[in-house]
Amino acid sequence: MSASAERSSQKLADPTGSSRLFVISGPSGAGKSSVVRLLREKRPFYFSVSATTRDPRPGEIHGVHYWFVDAADFAELIENQELLEWADYNGRRYGTLRTPVLSHLAQGEDVILEIEVQGARQVRNSYPGAVMFFILPPSVVELAQRLERRGDTSPAEITRRLGIAEQEIAEAEGLFDFLVVNEDLDRCVSEVLSFISPPGGGSTRRGRGALY
Ligand code: 5GP
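This is the structure we're talking about:
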């Protein structure tokens, strides 16, 4: 382990040593948010609310779905090293606030991040102990249909997101601990949970056991 990775791991240590950092990643439309919502109903996770420069969609609430900030504020977050990871995605910026994540881990809570692949790569490098899941759609056709059904994404944006998705799927191999297909949401969540031992219940099963 490099010196910086070791420092990062130490920063993540909590007094009981039982808290874990989970990453849920995958292409837009794969169902990450639904997976995270159900996981949170079944287990006590602290969910990290990200900062983003994109505009809120109808129904999205500042501080609940995202912290909606302008480009200058986001640049300041980067400058002040307040982001644990961040990425440019589809012309907008998204990032994880470092302090809440570290303080919840330090209190012994499991933390869950829902982020895209560039951010997941940064987490993998900085926090090698993170347990990382990549949620896949059953097919790219199904992914396109899901984005259309969502009704809040323009056709041009769907095309852009599908292009990014293909890139992300190509990059996922080797980066994530577990690849899980979301064909049926409940089954997908059960599969994710099967790789997550209960809080404080011993070590998480690790390994690059791809399911796909
Ligand atoms: P959306 O605009 O659909 O809400 O999000 C676009 C993509 O950015 C999704 O893949 C979402 O998971 C990802 N995302 C959300 N928050 C973060 C974050 O804090 N960091 C990174 N790297 N990606 C994020």
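Okay, so the sequence shown: first residue is 915 according to my numbering, each after it adds one.
Heads up, the beta-carbon is just placed ideally off N, CA and C, and yes, glycines get one too.
Nothing here was measured: the structure is a model prediction, and the numbers come from that model.
Asked, Found
"Buried or exposed (CB count within 10 angstroms, at least 16 for buried), D1002", "exposed"
"Inter-residue spacing [alpha-carbon to alpha-carbon] between T967 and E1082", "21 Å"
"Exposure label - N1004; buried when at least 16 CB within 10 Å", "exposed"
"CA-to-CA distance, A965 to R971, given in whole angstroms", "14 Å"
"Limits of the alpha helix (DSSP H) - the one that G1033 falls within", "V1031 to S1040"
"R1035 CB to nearest heavy atom of the ligand MN below 7 Å", "With respect to the ligand MN, the structure shown offers nothing to examine, as its ligands consist of the ligand 5GP."
"Nearest candidate by alpha-carbon position, reference E1028, set R1064, S948 and I1110", "S948"
"Q990 to P1069 span [Cα, whole Å]", "Reading the sequence as shown, one finds Glu at residue 990 and not Gln. Taking the straight line joining both Cα atoms gives about 33 Å."
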